[in-house]
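Have a look at the structure below before the remarks.
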Amino acid sequence: MKELVFIAFASVVLHAAEVPSICRRPPAGSTVPEPEDLRSQNGVLKADLTIHNSTEPDGSTRYCYIDGNGNQSPNLRVRPGDLLILHLKNDLMVPEGTAGAASPVHEHMRAGKNGDPCASGAMTATSTNLHFHGLTIPAVCHQDDVVKTSVSPRDPPFEYRFRIPADEPPGLYWYHPHIHGFSKVQVLGGASGALIVEGIERANKEVAGLPERVLVIRDQDLINPNAPPSKSEPVVPKLLLDRDGDAANNGTGFGKPAKDLSINFVPVPYPDYPAAVIEMKPDERQLWRVLNASAITYLNLAVLFNRAPQQLGLIALDGVPLNHSGTLGDLVEWQNHLGVPPGARVEFIVKGPPLGSRGLLVTRTVDTGPGGENDPNRALATITASEKAPEPRSMLATSPQPLPPSSVQWLGNLTPVRTRRLYFSEKLTDPNNPNSATEFYLTVDGKTPAKFDPQSGVPDIVVKQGTVEDWIIENRSNELHAFHIHQLHFLLVDYLGKPVSEPFLRDTVNVPYYKKQMLAYPSVRLRMDFRDPNAIGTFVYHCHLLEHEDGGMMGLIRVEPADGAPSF
Ligand SMILES: [Cu+2]
């Protein structure tokens, strides 16, 4: 017995810096690797995932998921109706240089205080859990609850076990940790991966037979924070920091970014942005499935040939095919750039460059507002054309069985039972000190703005299953925010007060920032779909810029069963 106690204590005092880096990262300029595919078999995908972290010699902290075969952040590939069983083991250690590092024992004691990971609610640097972003699955423990579920390093592997809904739209979803207060550090460190609901070629035969490529774009702290901008860049105004300590938006499209980016873990660091490499056969058409797994960075993707933007054939957004409303056939929306807020996904057809030339995947600058971070123009990957280029590992079926039409009425044709107004706002903790910390709020209009309180358990909004509502989300701050809600997709009805008629659904949407001379706060109107019985329960909606979410920009909703009194 004594020996056991000793072993447990020894693991507690181990620090991240004392172990070799388990979260391997390719060098800058590498060929973009494909994440390993874990595919369901006979209707079941069973996998082990262990979350690790490490402090690198340069002081940076990495986080990663490693599966039972040693693969990092594998693609989870499932079909509608499949059972997904994941065993999550927490091997996190107290990151170097954090407050908790000074008292690791105390940290661990707190993490395991409650014993039961389903009821723990522990929010510490070494606790973790999983959120399955975009899936309409129940917000209960062992499925998709993130409010109370907290797995500590002392816990045995924690089982996630749920069925992918039979009517889940085919497309790109993702998994990441969702511990309030610590989401940013874990996701920024690299804890994220793609989840693919197979069958997109059944929804849109324009992509049937195409090779497909999953690209996960993550952000991370700058590798060269003190480097001057590249000499090839125009001179930009003096660097300023925003209230979060990140490089502030300077409005020029250049200068030091708030964060570096990586593409399937190949870093593309400031200041020279050495591009990663994607090899394609000349003129080949591929389906690119791009996830913005950044903690705070907005993307604005474009593919350039000789500096000229190419047409990208968008076919799905946030895991939902563009023709989801069922009336538009094999819809492809050709655009020369695609904006992707943190958390969102875009799936599009790309045509490779002709033999002898090359293309460039870039993200163009995003104006995040006077209070926002600097997201400048930068390269991500060179696209080379060669007959010898290997095909991506995964090909979409050539003659797919068409997906049956949706059995539920199109959300756009329904009448909302009510309209609610919510707003994003920010406040300095000391209004007289511009350097004091910022508090972030997401408030139901009429209530007093308050940071999300994870212990309260009192819902900010109560709705009935079976209904649909319109929510107007305003931005009363001077930087962008990205609204996201768990367990359901919504329809964007109005953008900046003007109706849009989108034939598809989203789960994450950008809300433009407020400027003083504006007559009204910028807003979006969303039709929220509470019809699916899987959405019954208590869950969260929040800003998907994770330092805002961790800082309090989150609210709690309870969806009550349609037939009268709540069952819990
Ligand atoms: Cu935000």
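Numbers given in this note's numbering equal positions in the sequence shown, counted from 1, plus 11.
In this text, a Cβ means the ideal position worked out from N, Cα and C, and glycines have one as well.
Computed from a predicted structure; not experimentally measured.
Query: For residue 538, which option in 501, 562, 508 and 527 has the closest C-alpha, if you only look at C-alpha atoms?; Result: 501
Query: Which residues bound the alpha helix (DSSP H) around residue 199?; Result: 194-199
Query: Looking at residue 435 and ligand 1, is the gap between the Cβ and the nearest heavy atom below 7 Å?; Result: yes
Query: For a cutoff of 8 Å on Cβ pairs, would you count residue 302 as touching chain C?; Result: As a matter of chain content, chain C is missing from the structure shown, which is built from one protein chain.
Query: Taking its Cβ as the centre, do 16 or more other Cβ atoms sit within 10 Å of residue 512, making it buried, or is it exposed?; Result: exposed
Query: Please report how far the alpha carbon of residue 367 lies from the alpha carbon of residue 285, in whole angstroms.; Result: 21 Å
Query: Given residue 427, which residues of its chain have a CB within under 7 Å of its CB, disregarding the five upstream and five downstream residues?; Result: 479, 480, 481 and 538
Query: Give me the Cα-Cα distance between residue 46 and residue 83, rounded to the nearest whole angstrom.; Result: 7 Å
Query: Taking only runs of the beta strand (DSSP E) that begin and end inside the segment 328-366, which ones reach a length of at least 3 residues, in chain order?; Result: 344-346, 349-351 and 356-362
Query: Should residue 299 go down as buried or exposed, given a rule of 16 or more other Cβ atoms within 10 Å for buried?; Result: buried
Query: I'd like to check one pair, residue 320 with residue 313: are the Cβ atoms closer than 8 Å?; Result: yes
Query: Which whole-angstrom value describes the C-beta separation of residue 369 and residue 209, a residue pair presumed to lie in contact below a C-beta threshold of 8 Å?; Result: In fact, because the Cβ distance is near 31 Å, the residues do not count as touching under 8 Å.
Query: By alpha-carbon positions, which one of 236, 361 and 181 ends up nearest to residue 221?; Result: 361
Query: Count the C-beta pairs between the segment 344-359 and the segment 305-312 that are closer than 8 Å, then say yes if the count reaches three, no if not.; Result: yes
Query: Using C-beta distances below 7 Å, list every residue in its chain close to residue 392, excluding the 5 sequence neighbours before and after it, in chain order.; Result: 43, 274, 286, 287, 288, 289 and 372
Query: How big is the Cα-Cα spacing for residue 379 and residue 458?; Result: 27 Å
Query: How far does the beta strand (DSSP E) with residue 567 in it reach, from first residue to last?; Result: 565-571
Query: Using only CA atoms, which one of 49, 36 and 180 lies nearest to residue 330?; Result: 180
Query: When the distance is taken between beta carbons, is residue 68 closer than 8 Å to residue 265?; Result: no
Query: Alpha carbon to alpha carbon, how far is residue 294 from residue 218?; Result: 15 Å
Query: Measuring CA to CA, which of 417, 201, 494 and 269 is closest to residue 376?; Result: 269
Query: Determine which residues share a DSSP beta bridge with residue 34 and list them.; Result: In the DSSP output, where bridge partners are listed per residue, residue 34 has none listed.
Query: Can you find the residues in the same chain that come closer than 8 Å, C-beta to C-beta, to residue 280, ignoring five residues on each side of it along the sequence?; Result: 39, 233, 234, 235 and 271
Query: CA-CA distance, residue 471 and residue 382?; Result: 27 Å
Query: Hey, out of 355, 337, 434 and 406, whose CA is closest to residue 514's CA?; Result: 337
Query: For residue 562, which residues of its own chain have a beta-carbon under 6 Å away from its beta-carbon, when the five flanking residues on both sides are left out?; Result: 451
Query: In or out: residue 509 buried (at least 16 other Cβ within 10 Å) or exposed?; Result: exposed
Query: Curious, which full-length alpha helix (DSSP H) runs of at least 4 residues does the segment 160-190 contain?; Result: none
Query: Relative to ligand 1, what is the chain-ordered list of residues with a Cβ closer than 5 Å to any of its non-hydrogen atoms?; Result: 492, 554, 556 and 559
Query: Rounded to whole angstroms, what's the CA-CA distance from residue 454 to residue 567? Just pull it up for me.; Result: 10 Å
Query: Tell me whether residue 55 sits in a helix, a strand or coil according to DSSP, three-state version.; Result: strand
Query: The beta strand (DSSP E) that contains residue 206, what's its start and end?; Result: 204-208
Query: Assuming residue 105 contacts residue 137 (C-beta within less than 8 Å), just tell me the rounded distance between them.; Result: 6 Å
Query: Is residue 513 helix, strand or coil when you go by DSSP?; Result: coil
Query: Beta-carbon separation of residue 520 and residue 546 under 8 Å?; Result: no
Query: Near residue 385, what residues of its chain come up, given a Cβ to Cβ distance below 7 Å and the 5 sequence neighbours on each side ignored?; Result: 258, 259, 260, 261, 266, 267, 268 and 269
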